[in-house]
Amino acid sequence: MTQQRFVTKEDVFRWMEEGCASGIQPGLERMNWALERLGHPERRLKFIHIAGTNGKGSTAAMIAQVLRKAGYSTGMFISPYVTEWNERISVDGRPIPDSSFVRWAEHLRPLVEEMDREVGKPTPFEFWTLLALCYFAREAVPWFVVWEAGLGGRFDSTNVVFPLVSVITNIGLDHIHLLGSTLGEIAAEKAGIIKPGVPVVSGTENPDAIRVIEERAKENKSDLYLLHRDFQAETLESGPGGQRFRFGNVYRTLSDLQLPLAGEHQVKNAAVALMTLELLRQFYATVLEDEDIRAGLSATVWPGRLEKAADEPDIWLDGAHNREAARALAESVRAIRRSHTYDRLHLMLAVSADKEVDEIIKPLLPLADSVVVTRADISRALPVEQLAEAVRRAAPEIRLQKAPTAAEGLRCLREEAGNGDMILVTGSLFLVSEVRNMLMTNKEQGW
1 MTQQRFVTKE DVFRWMEEGC ASGIQPGLER MNWALERLGH PERRLKFIHI AGTNGKGSTA
61 AMIAQVLRKA GYSTGMFISP YVTEWNERIS VDGRPIPDSS FVRWAEHLRP LVEEMDREVG
121 KPTPFEFWTL LALCYFAREA VPWFVVWEAG LGGRFDSTNV VFPLVSVITN IGLDHIHLLG
181 STLGEIAAEK AGIIKPGVPV VSGTENPDAI RVIEERAKEN KSDLYLLHRD FQAETLESGP
241 GGQRFRFGNV YRTLSDLQLP LAGEHQVKNA AVALMTLELL RQFYATVLED EDIRAGLSAT
301 VWPGRLEKAA DEPDIWLDGA HNREAARALA ESVRAIRRSH TYDRLHLMLA VSADKEVDEI
361 IKPLLPLADS VVVTRADISR ALPVEQLAEA VRRAAPEIRL QKAPTAAEGL RCLREEAGNG
421 DMILVTGSLF LVSEVRNMLM TNKEQGW
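When we follow my numbering, the leftmost residue of the sequence shown carries the number 1, and every step to the right adds one.
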């Protein structure tokens, strides 16, 4: 019996529910098997491979934006998405068209069925990775591909490419059930993206993690460029609308750079991006003028990362979902409140069940006057009552409301907040995605 061809993206999504394996299944056997049969499309492309606990997406966005301003067609592969499903795969800021997604899914379907018989079904992320490689190599053909790891590095499905530069943004405690319970163990997984002779840029600041990355780089005879040692960034001015900073390395110094992303951590991410671009310039004959760098940084937008999404009251969105990200967010919120006087701060929280809930909420609750706890519309969301109990344990006196959905949470906030207040939605990128889409499409009236 002949299978009916995919017509819409929904056809593909429905097929993926049966055609792909569930959950996370580390290992590269399936990817290597598939790429061999596809004729190794990845070998046609030039990658910048990015791993790290936090900051991967922001760093990727900065690198891609500068390359585009310099005239280089640039693909991006990211996860998870914030606004639209197809922003996972994009070229020059344009997400993969539905028609291309459907066509390449149809192309891959027989391969996936053969995989099931030979080596096992691919995970959904492996399928996305294979589709991205086919689209980039055989249709869009960008000059560069900024290639973000999904989880870890060593056994991540993206770790089948041989990049121009390997980037490790930072190391924090996240996904400890899969990657390890110490920063050194997690660093070893992230450092798995380091390839023989390929230069490495890292914004890692923890000494234990740095030692692991140094050892891996030495084993691979890869030059390692570390933040604070080989390149530096100094914040000159910071505010809710972004910041101005200075960047320096052994090759050059750039002053008065403008970055529209808020938060001190974004200056560090920018430094990692600029050092990566410098290596492309020095070692791979990439033409990058100072004006390209300035224009690219100043044009960088990264939704859901300390993003101001609405006014009166101001609603800020941030996908902080682990301890390090929550601490960085708390510092950024303090900085915002120093430059902009808000009457009160209201938190809207949702957390995934596999996260360290207490560590995420601990730095944020002292800043808040009230909290609305809810859950994102995903199966692994922490139940609302469990999140409420965690908040009560940490801050017994705080005003607390429970909302079964993000939409109900917004309604609670509408009743609670005044025009002079600040609302912060955080704890989960899935929650941020839901709320952002509600705000951007005016599904919630009154904001």
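Yeah, the Cβ is synthetic: ideal placement off N, Cα and C, and Gly gets one too. Source: prediction; values computed, not measured.
Classification of residue i by the beta-carbon crowding that lies within 10 angstroms, buried from 16 upward
i           : result
residue 314 : buried
residue 19  : buried
residue 76  : buried
residue 228 : exposed
residue 285 : exposed
residue 39  : exposed
residue 386 : exposed
residue 252 : exposed
residue 46  : buried
residue 419 : exposed
residue 427 : buried
Residue i (DSSP reduced to helix, strand or coil)
i           : result
residue 248 : strand
residue 256 : strand
residue 175 : In this predicted model, residue 175 has a pLDDT of only 49, less than 50, meaning its place in the structure is not dependable enough to derive any value.
residue 314 : strand
residue 198 : coil
residue 147 : strand
residue 346 : strand
residue 214 : helix
residue 58  : helix
Same chain, Cβ closer than 6 Å to residue i, neighbours up to 5 away in sequence not counted
i           : result
residue 279 : 165, 199
residue 375 : 350, 381, 384
residue 269 : 55, 58, 59
residue 154 : 189, 192
Of the residues the options, the one placed nearest residue i, counting alpha carbons only
i           : options            : result
residue 422 : 378, 374, 382, 341 : 341
residue 96  : 118, 67, 344, 131  : 131
residue 316 : 299, 322, 163, 337 : 337
residue 187 : 201, 333, 210, 98  : 210
residue 239 : 259, 367, 355, 320 : 259
residue 13  : 185, 36, 169, 125  : 125
residue 52  : 85, 371, 267, 151  : 151
First through last residue of the alpha helix (DSSP H) which encompasses residue i
i           : result
residue 108 : 98-118
residue 296 : 290-298
residue 84  : Careful: residue 84 lies outside any alpha helix (DSSP H) and carries neither H nor E.
residue 139 : It is not in any alpha helix (DSSP H) - residue 139 carries neither H nor E in the DSSP assignment.
residue 416 : 406-416
residue 360 : 357-361
Neighbourhood of residue i by C-beta distance below 8 Å, restricted to the same chain and skipping five residues each side
i           : result
residue 115 : 30, 33, 34, 121, 122
Limits of the beta strand (DSSP E) - the one that residue i falls within
i           : result
residue 399 : 399-402
Same chain only: Cβ atoms within 7 Å of residue i, ignoring 5 sequence neighbours per side
i           : result
residue 140 : 75, 91
residue 25  : 123
residue 287 : 70
Cβ-heavy atom distance, residue i to the ligand COA, below 6 Å
i          : result
residue 76 : This structure does not include the ligand COA; it has no bound ligands of any sort.
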